[in-house]
Structure formats: C-alpha cells, structure tokens
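Student: Before we start, here is the structure in question, set down as structure tokens.
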Amino acid sequence: MNPILTQKLRAHERASAAEVIRPDVGGSPLLRRCKQSVTTETQEYRATVGLLALQGDFGLHRQMIEALGHSAVEVRTLSDLERVDCLIMPGGESTTIRKLMKQEGLFAALPQFARTKPIMGTCAGLILLGKAIKGSPGEDTLGLIDCDTSRNAYGSQYQSFRDVGEIRAGNGAVPLEMVFIRAPRIVRVGDNVEVLGRLNGEPTLVRQGTILAMTFHPELSGDARVHQLFLSLVVADPN
Ligand code: GLN
C-alpha cells in the first residue's frame, strides 16, 4: 500500500479484522437479526453465493466468499440463478453486463429474485441496481435501490485510484480502503436508503433492505468487511 494511505489508516484507529459494520437495522425483523454477530452466524450457515459471471471482475469475489466460509457459484443462466442464496453483481462494463443479462433473461428475473434474496452490486453492479443514470436516460436499470448514479464520474481509466474512506460501525465510523476504477458517483440517495460508507463526505456504500451497493471494488482491497456485511444480510434469513 502506498505510504499516504498507510498514514491515513494509522491516523484513524484501524478497525480489527473481526469488526463488522452494523447497519442501522430499523424495524424489519429480518434486518434486526443482522445485529447478531456475523462471525458466529456465518460459521453455522454456509451460503451459496452467486457471482454474476457474464463480464467483469467476478473472480476475486470468490476468494473473499470462500475465506469467509461460504461457497461461490458462477451465474450465467436462469438455472444457475435458481441454485443460489444471493447474488453479487461485479464491476465491469454496465452496458455489456446489461446486454448479456437481457439476452439470458436475468435482467427480467432479478426483481423477483430480490424479493427474497439479497443482492450486492459493486461499481457497474451498483449502476444497474440503481434507479436512474444521470445523463443517460436511455440506459435502463433494475431500480432495486433508490439511488441515482453518474457513470465514469471521476474520469477515465487513468483517473482510477485508491483512497481511505469511512464506513459505519456501531454508532461511529471506521476507515476502509476503497478502490475506484472508472467509478460512478452516487448523485442522489432516496429517503429509505442508508448511507453506510463515504469518501470525503460523498456516499460510496449504500443499503436498502437486502440490497447493498457501492461505487468501489471491495474485492480488490484485501479487506473482507463489506463482503462480511453482505453475508450478514444473507445469513440473517437463510430461507
Ligand atoms: N465505468 C463502468 C460503467 O460505467 C463501471 C466501472 C466499474 O465497474 N469498475 O459501466
């Protein structure tokens, strides 16, 4: 890691590896159960996590999932989708992922899937999960989380960067390294969406019910806390 990032991390007190981001779980019984320790729960229940594997950066998510004691299955077809307890939509190229999802019938199937099963979207995945894409009214989205994004909002591939943002933990916030690759920005967040992570005050990690989405790539930082949070949503309701 570069020295500036190391310094920034030291400036905060670094969260212990076991620390879990606890969403403010509001009234839903399913989410209230997420308050229990994920470490204990994940040991009891081994989830089958789907990795949308049509295009983009799905491979490294497997390592995170397996390190947390769960299994990962690549999802390319509707029959793959039927086998999984939850789905990770990776970063990549949202236009390509959308096109391939539509060809496979996965775009049409996800709203029904999301009624009972959690979905995590990183970067391009977030763009597709959101309500609208600023400046691109013709590009449709799933609308499963009430936020709008702006694509490539930090510039081109050359402007990709890592930095240390903050994520919610208990009543406070702890630092988290965030990797941004031709990343979108979240430009609007609806009232029912919780902001769980920020960089320089801007939302980077959001949750609505069992949909978790982020502008950065948590699979690239070697820190499993975002995956752990997602799995806590899965494990809270393993049916
Ligand atoms: N720029 C890509 C898009 O708009 C997203 C980049 C990413 O997923 N890392 O689809």
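The sequence shown begins at 157 in our numbering and counts up by one.
Ideal Cβ positions, reconstructed from N, Cα and C, are used throughout, including at glycine.
As the structure is a computational prediction, the values presented were derived from the model and not from experiment.
1) Does the stretch 269 to 286 come into contact with the stretch 359 to 373, if we say contact requires no fewer than three beta-carbon pairs (one atom in each stretch) closer than 8 Å?
2) Does the beta-carbon distance from Ile253 to Leu210 come in below 8 Å?
3) Measure the alpha-carbon distance for Phe386 versus Val240 and round it to whole angstroms.
4) Please name the residue in Ser235, Pro340, Leu352 and Glu333 whose C-alpha comes closest to that of Asn327.
5) At a cut-off of 7 Å, is Ser292 close to the ligand GLN when judged by its beta-carbon and the heavy atoms of the ligand?
6) Return the bridge partner residues of Phe317 from the DSSP annotation.
7) Just to confirm the assignment, what range does the beta strand (DSSP E) spanning Val240 have?
8) Is there contact between the stretch 329 to 347 and the stretch 301 to 308, where contact requires at least three CB pairs shorter than 8 Å?
9) Please list, in chain order, all residues of the same chain as Thr204 whose beta carbon is under 7 Å from its beta carbon, the five residues on each side excluded.
10) Closest to Thr233 by CA distance: which of Leu207, Asn356 and Ile221 is it?
11) Would you say the beta carbon of Cys303 comes nearer than 7 Å to a heavy atom of the ligand GLN?
12) Assess, as a yes-or-no matter, whether the stretch 262 to 271 is touched by the stretch 288 to 295 under the definition of 3 or more beta carbon pairs within less than 8 Å.
13) On the premise that Ala280 lies in contact with Gly311, defined as a C-beta separation below 8 Å, what is that separation, rounded to the nearest angstrom?
14) Tell me where the beta strand (DSSP E) around Thr206 begins and ends.
15) Among Ser250, Arg202, Met370 and Leu224, which residue has its Cα nearest to the Cα of Leu332?
16) Can you list, in chain order, the residues of its chain with a C-beta nearer than 7 Å to that of Ala270? Leave out the 5 residues immediately preceding and following it.
17) Using only the alpha-carbon positions, how far apart do Leu237 and Lys290 sit?
18) Have a look at Met334 and His373 and give me their C-alpha separation to the nearest angstrom.
Tutor: If we stick to the structure as given:
1) Segments in contact, yes.
2) Closer than 8 Å, so yes.
3) So the alpha carbons of these two residues sit roughly 14 Å apart.
4) The shortest Cα separation from Asn327 among Ser235, Pro340, Leu352 and Glu333 belongs to Leu352.
5) No, the Cβ of Ser292 stays beyond 7 Å of every heavy atom of the ligand GLN.
6) Listed as beta-bridge partners of Phe317 by DSSP are Phe336.
7) Val240 -> no beta strand (DSSP E), and no H or E assigned at all.
8) Short answer: they touch.
9) Hits under 7 Å: Ser227, Val229, Arg239, Val240 and Asp241.
10) Comparing Cα-Cα distances from Thr233 to each of Leu207, Asn356 and Ile221, the minimum goes to Leu207.
11) Checking the 7 Å criterion, the Cβ of Cys303 is out of range of every heavy atom belonging to the ligand GLN.
12) Touching, no.
13) Beta-carbon to beta-carbon, Gly311 and Ala280 are separated by about 16 Å, too far to satisfy the 8 Å threshold.
14) Checking the sequence, you will find Gly at residue 206 rather than Thr. In the DSSP annotation of this structure, the continuous segment of the beta strand (DSSP E) that includes Gly206 starts and ends at Thr204 to Leu208.
15) Of Ser250, Arg202, Met370 and Leu224, the residue nearest in Cα terms is Met370.
16) The answer, listed in chain order, is Leu300 and Ile367.
17) Cα to Cα, Leu237 sits roughly 29 Å from Lys290.
18) About 7 Å.
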